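**Q** First the structure, which I've put down as C-alpha cells, then a few questions once you've had a look.
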Amino acid sequence: IKTNQTQENPGFWRSEAQKSLQSVLDRKLNSNIAKNILFFLGDGMGITTYTAARILKGQLQNQTGEETVMTMDTFPSVGLVKTYSVDFQIPDSAATATAYLCGVKTNLNTIGVSAAARNGVCKTQKGNEVTSILKWAKDAGKSVGIVTTTRVQHATPAATYAHSASRKWYSDADMPDAAKNEGCTDIAAQLLKNIDIDVIIGGGRKYMTPKGTKDPEYPRDFFSRGKRKDGRNLIDEWKIMKTGKVAHYVWNKTDFDAVNPETTDYLMALFEPGDLRFEAERDPSMDPSIVETTEKAIRILQKNPKGFFLLVEGGRIDQAHHAGRAYMALHETVAFDYAIAKGLELTKEHETLTIVMADHSHTVTFNGYPFRGQSILGKSPLWATDLMPYTTLMYGNGPGHKITNGKRPDISDVNTKTKDYIQLSAVPTESATHSGEDVAVLARGPMAHLFQGVQEQNYIAHAMAYAACVGADLRHCQGKTKTSVDHTGFTENANVAGRPCGSVALLSSLLSVLLALTILM
0 IKTNQTQENP GFWRSEAQKS LQSVLDRKLN SNIAKNILFF LGDGMGITTY TAARILKGQL
60 QNQTGEETVM TMDTFPSVGL VKTYSVDFQI PDSAATATAY LCGVKTNLNT IGVSAAARNG
120 VCKTQKGNEV TSILKWAKDA GKSVGIVTTT RVQHATPAAT YAHSASRKWY SDADMPDAAK
180 NEGCTDIAAQ LLKNIDIDVI IGGGRKYMTP KGTKDPEYPR DFFSRGKRKD GRNLIDEWKI
240 MKTGKVAHYV WNKTDFDAVN PETTDYLMAL FEPGDLRFEA ERDPSMDPSI VETTEKAIRI
300 LQKNPKGFFL LVEGGRIDQA HHAGRAYMAL HETVAFDYAI AKGLELTKEH ETLTIVMADH
360 SHTVTFNGYP FRGQSILGKS PLWATDLMPY TTLMYGNGPG HKITNGKRPD ISDVNTKTKD
420 YIQLSAVPTE SATHSGEDVA VLARGPMAHL FQGVQEQNYI AHAMAYAACV GADLRHCQGK
480 TKTSVDHTGF TENANVAGRP CGSVALLSSL LSVLLALTIL M
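Using my numbering, read the sequence shown as starting at 0 and increasing by one per residue.
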C-alpha cells in the first residue's frame, strides 16, 4: 500500500497516470475472429456493487481497498448498457437475459420469446420464440455450456436454451393446467430437449425428479424432494440420451473432482436441490466454488477445435441484494471476479472474446463520507441529523426498513460487518427491487472494441455473434483466410472482411494489371 505521504506527492499521481496512458496508447485492436466466447454475467452487479466489491476484495487482502485492481478492471473496452424491457422501465433477469443472449428485447418475466408473448399466457408463446447465441454457437459446431450459482432452470441460464411465457415454470409442477393443456413445456424439460448442451453446472435437482423423490444430500428434508408431477426423471433421461458418449452426472464435490475433463464429452453437475449456497456459507467438502466450476467447464469445452461458448453466471449477487444483505452480495462478487481470473488464465486472448456484464442493477447505495480504507461494510464517521451513525451501504427499498415511531434504530453498538446483517432501507418491501440505471459491459479479446459507447442491451448478442461468426451475420469471417502473428502475440488477419481471397484475389490482381497496361497503351 502506498503511504499517505507518498500520495501527497503530486509526482506519484503523475507517474501513475503516465503509466496508464502509455498502456492505453500501446493497445492494438484485436480484429480476429473469436474462436471462443467466455461470457461472465454478474446478476444484479450494478456499478455500486462493482465498486464496493473492488474495495472489499482489497480489504480482504489487508489493503485500503479503493486502489485495488479487480480482474474485470483490466478489460480494455468498457461500455454502458440500457436495461429497460419492452413493458417495464426497470427489468427482471428474464427479460434482460433474453435481450443480451437472444438479441431481442422482450417483456418482464418471459424467457426466449419476443415481446409479442405475454407473461404467463402459454398460447402467446407459440410462434414468438427467439433463439440464443448458445444455439447459434452450437449450430456452428462449437461446444457450449452453462455454469451458474443458481438453479440451472433460473432466468439467466434458462434464456440460453428455453422458450417460456413464464420464468417461473421451472418444472411441470410450477405450471398451470391450462398452460400444459395448450402444449407448453416446463423449463427443466426444455433443458434436455431443445439444445445439446455439453456442460451444465449449477443447482436445481428437485425440478428434475418425480414428486417425492428423496434428495441424495438431504433425504430427510421434505422441501428438497423431487417436484415433477409427470413422473419423469430427467437426470436418468439425460444419462440415456448420452449413451455411447462419456457423460457424467454428479451432485457432490468428490464425484465432480473425479471427472476428467480430457476424456469427458458431457457433464451435468447439480449440487443443490435449488440454488447453490452463498460463497460465504459454502461447504468446500460438498460443493465446488465458482472458480472450480468455471475451470472444469472450460477444460471440457476447449477440446473442441472449433471453439466454445460458455455462460458463467454469478447469480446469487442478485439474491443477496434482494435480501438486503450487502455482505453476501459483495462476497459473491469477489468470488465472481476470481472466476473471471481463472477464465483468463485458461484461455488465450488472441482467440477468446471475454465479456463481463451485469443484467441489471440494484437499489444499494454507497454514501456518506467514509475515510480512506474504512471498511466498506462499516459506518460513516459523520452522523446523521438524528445524531446516530449510518452504514455507508444501504438500500432504497427492501427488508431492512426499521423505522419505529418515526425513529430508526441506533446502530452505534451494532456490528454491521457480519454476513447476516441487513442494511437499512428507505422503504419497506419484502424483497429489495432491482434498479434501472445503465450497467457496465467490459470486453477483452477479438473485437472487444465493439463493446463501447452506450448501447441497448440486445446489441450485446449481435456483437458477440459478429465477433465469433455465428448466427446470421457472417460478414466478419468473409475473406479471412490466413493469419499472421505480430510481436504482441495477437493474430492479425491478412485479409480483412470484404477483401477478395484465393482465386478471386488472383483474378482481381490480373485484371488490375491488364487495366494498367491498357491505360499505358
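Backbone N, C-alpha and C define an ideal beta-carbon position, used for all residues, glycine too. Note that the structure is predicted; figures quoted are calculated from it, not measured.
Excluding five sequence neighbours on each side, which residues of the same chain lie with their C-beta closer than 6 Å to the C-beta of P287?
**A** Along the sequence shown, one-based indexing puts residue 287 at 288. Here P287 has K252 and F255 as same chain residues with Cβ atoms under 6 Å from its own Cβ, once five neighbours each way along the sequence are excluded.
**Q** Just the Cα atoms here: how many angstroms apart are L381 and T390?
**A** Indexing the sequence shown from 1 puts residue 381 at position 382. Indexing the sequence shown from 1 puts residue 390 at position 391. Cα-Cα distance, rounded: 10 Å.
**Q** Just grab the DSSP bridge partners of Q454 for me.
**A** Working through the sequence shown from its first residue, we reach residue 454 at position 455. Bridge partners of Q454: V80.
**Q** With H, G and I counted as helix, E and B as strand and the rest as coil, what does DSSP make of G57?
**A** Working through the sequence shown from its first residue, we reach residue 57 at position 58. Here G57 sits in helix by DSSP.
**Q** Going by C-alpha to C-alpha distance, which of R298, Y206 and I54 sits closest to D171?
**A** The residue given as residue 171 occupies position 172 in the sequence shown. For D171, the nearest C-alpha among the options comes from Y206.
**Q** Whether or not the region 105-118 and the region 234-250 are in contact is what I'm after, with contact meaning three or more pairs of Cβ atoms, one per stretch, closer than 8 Å; do they touch?
**A** The region 234-250 makes no contact with the region 105-118: fewer than 3 CB pairs, one atom from each, lie closer than 8 Å.
**Q** What does a CB cutoff of less than 8 Å around Q4 pick up in its chain, not counting 5 residues either side in sequence?
**A** By one-based count along the sequence shown, residue 4 stands at place 5. The answer is none, since no qualifying residue turns up.
**Q** Among the residues of its own chain, which have a CB less than 6 Å from the CB of G435, if the five just before and after it don't count?
**A** The residue you call residue 435 lines up with position 436 of the sequence shown. The residues are Q88 and I89.
**Q** What residue from M71, K104 and V311 has the CA that sits closest to E455's CA?
**A** Counting from one through the sequence shown, the residue named residue 455 turns up at place 456. That would be K104, whose Cα lies nearest to the Cα of E455.
**Q** I289 to T148, Cα distance in whole Å?
**A** Here the question's residue 289 lines up with position 290 in the sequence shown. Here the question's residue 148 lines up with position 149 in the sequence shown. Cα to Cα, the separation comes out at about 7 Å.
**Q** Could you round the C-beta distance between A158 and C121 to whole angstroms and report it? I think they count as a contact, below 8 Å.
**A** As a position in the sequence shown, residue 158 is number 159, starting the count at 1. As a position in the sequence shown, residue 121 is number 122, starting the count at 1. So it is not a contact: roughly 18 Å between Cβ atoms.
**Q** Since M356 sits in a beta bridge, which residues does DSSP pair it with?
**A** Working through the sequence shown from its first residue, we reach residue 356 at position 357. Paired residue(s): L40 and V440.
**Q** Along the chain, where does the alpha helix (DSSP H) containing S22 start, and where does it finish?
**A** Residue 22 sits at position 23 when you count from the first residue of the sequence shown. S22 -> alpha helix (DSSP H) spans P9 to L24.
**Q** G57 and T47: beta carbons closer than 8 Å?
**A** Taking the sequence shown and counting its residues from 1, one reaches residue 57 at position 58. Taking the sequence shown and counting its residues from 1, one reaches residue 47 at position 48. No, they are not a contact pair.
**Q** Between the alpha carbons of L37 and F308, how many angstroms are there, rounded?
**A** For the purposes of this step, residue 37 is taken as the residue at position 38 of the sequence shown. For the purposes of this step, residue 308 is taken as the residue at position 309 of the sequence shown. Cα to Cα, L37 sits roughly 6 Å from F308.
**Q** Helix or strand or just coil, what does DSSP make of I46?
**A** Mapped onto the sequence shown, residue 46 falls at position 47. DSSP, reduced to helix, strand and coil, places I46 within a helical segment of the structure shown.
**Q** Looking at C-alpha atoms only, which residue of V469, A328, M387 and Y337 is the closest neighbour of Y420?
**A** As a working mapping, residue 420 is identified with position 421 in the sequence shown. Measuring from the Cα of Y420, the nearest candidate turns out to be A328.
**Q** Can you list, in chain order, the residues of its chain with a C-beta nearer than 6 Å to that of I297? Leave out the 5 residues immediately preceding and following it.
**A** The count along the sequence shown starts at 1 and reaches residue 297 at position 298. Result list for I297: L345, in chain order.
**Q** Shortest alpha-carbon distance to I196 belongs to which of H448, G478, A161 and D214?
**A** The residue labelled residue 196 in the question sits at position 197 within the sequence shown. Minimum Cα distance to I196 is reached at A161.
**Q** Can you give the beta carbon distance from V85 to N106, rounded, assuming they're within the 8 Å contact cut?
**A** Stepping through the sequence shown from its first residue, residue 85 is reached at position 86. Stepping through the sequence shown from its first residue, residue 106 is reached at position 107. At roughly 5 Å, the Cβ-Cβ gap stays under 8 Å, so V85 and N106 are in contact.
**Q** Considering only C-alpha positions, which residue in the set P9, K27, W12 and Y49 is nearest to D358?
**A** In the sequence shown, counting from the first residue as 1, residue 358 sits at position 359. Considering only alpha carbons, the answer is Y49.
**Q** Could you tell me the boundaries of the alpha helix (DSSP H) in which N127 lies?
**A** Against the sequence shown, residue 127 aligns to sequence position 128. Unbroken run through N127: none, as it is neither H nor E.
**Q** In chain order, what residues of the same chain have a beta carbon less than 6 Å from the beta carbon of E181, not counting five sequence neighbours either side?
**A** Within the sequence shown, numbered from 1, the residue matching residue 181 stands at position 182. Correct list, in chain order: C121 and K122.
**Q** Given a threshold of 16 other Cβ atoms within 10 Å of its Cβ, counted over all protein chains shown, does Y326 qualify as buried or as exposed?
**A** Counting from 1 along the sequence shown, the entry for residue 326 is found at position 327. It is buried - the Cβ of Y326 has at least 16 other Cβ atoms within 10 Å.
**Q** Can you give the Cα-Cα distance for L179 and D185, rounded to whole angstroms?
**A** Position 180 of the sequence shown, counted from the first residue, corresponds to residue 179. Position 186 of the sequence shown, counted from the first residue, corresponds to residue 185. According to the sequence displayed, residue 179 carries Lys and not Leu. The alpha-carbon atoms of K179 and D185 are separated by roughly 9 Å.
**Q** Alpha carbon to alpha carbon, what distance is there between L40 and Q71?
**A** Here residue 71 refers to the residue found at position 72 of the sequence shown. Here residue 40 refers to the residue found at position 41 of the sequence shown. The identity of residue 71 in the sequence shown is Met, whereas the question assumes Gln. Those two C-alpha atoms are separated by around 12 Å.
**Q** Going straight from the alpha carbon of T63 to that of D437, what length do you get?
**A** To locate residue 63, count along the sequence shown from 1; it is residue 64. To locate residue 437, count along the sequence shown from 1; it is residue 438. Those two C-alpha atoms are separated by around 28 Å.
**Q** Tell me the DSSP secondary structure of I525 in three-state form.
**A** Residue numbering for the chain in the displayed model covers 0 to 520; residue 525 lies beyond these limits and cannot be assessed.
**Q** Within 8 Å of any Cβ in chain C, is that where the Cβ of G372 sits?
**A** Absent here is chain C; the protein component of the structure consists of one chain.
**Q** From the DSSP output, read off the bridge partner residues of K378.
**A** As a working mapping, residue 378 is identified with position 379 in the sequence shown. K378 is bridged by DSSP to T390.
**Q** If I follow the unbroken beta strand (DSSP E) through A268, where does it start and stop?
**A** The sequence position of residue 268 within the sequence shown is 269, counting from 1. That run of the beta strand (DSSP E) goes Y265 to L269.
**Q** Can you tell me whether E261 is helix, strand or coil according to DSSP?
**A** What you label residue 261 is simply residue 262 of the sequence shown in a count that begins at 1. Three-state DSSP puts E261 in coil, outside helix and strand.
**Q** I'd like to check one pair, M446 with S30: are the Cβ atoms closer than 8 Å?
**A** Translated into the one-based positions of the sequence shown, residue 30 becomes position 31. Translated into the one-based positions of the sequence shown, residue 446 becomes position 447. A contact, by the Cβ cut-off of 8 Å.
**Q** Keeping to the same chain, check which residues put their C-beta closer than 7 Å to that of A383; ignore five residues upstream and five downstream.
**A** Working through the sequence shown from its first residue, we reach residue 383 at position 384. Excluding positions up to five away in sequence, the list reads Y389.
**Q** Which residue from I32, Y368, V146 and T97 puts its Cα closest to that of N127?
**A** Here residue 127 corresponds to residue number 128 of the sequence shown, with the count starting at 1. That would be T97, whose Cα lies nearest to the Cα of N127.
**Q** Would G78 pass as a contact of G444 if the rule is Cβ separation under 8 Å?
**A** Numbered from 1 along the sequence shown, position 79 holds the residue referred to as residue 78. Numbered from 1 along the sequence shown, position 445 holds the residue referred to as residue 444. Contact: no.
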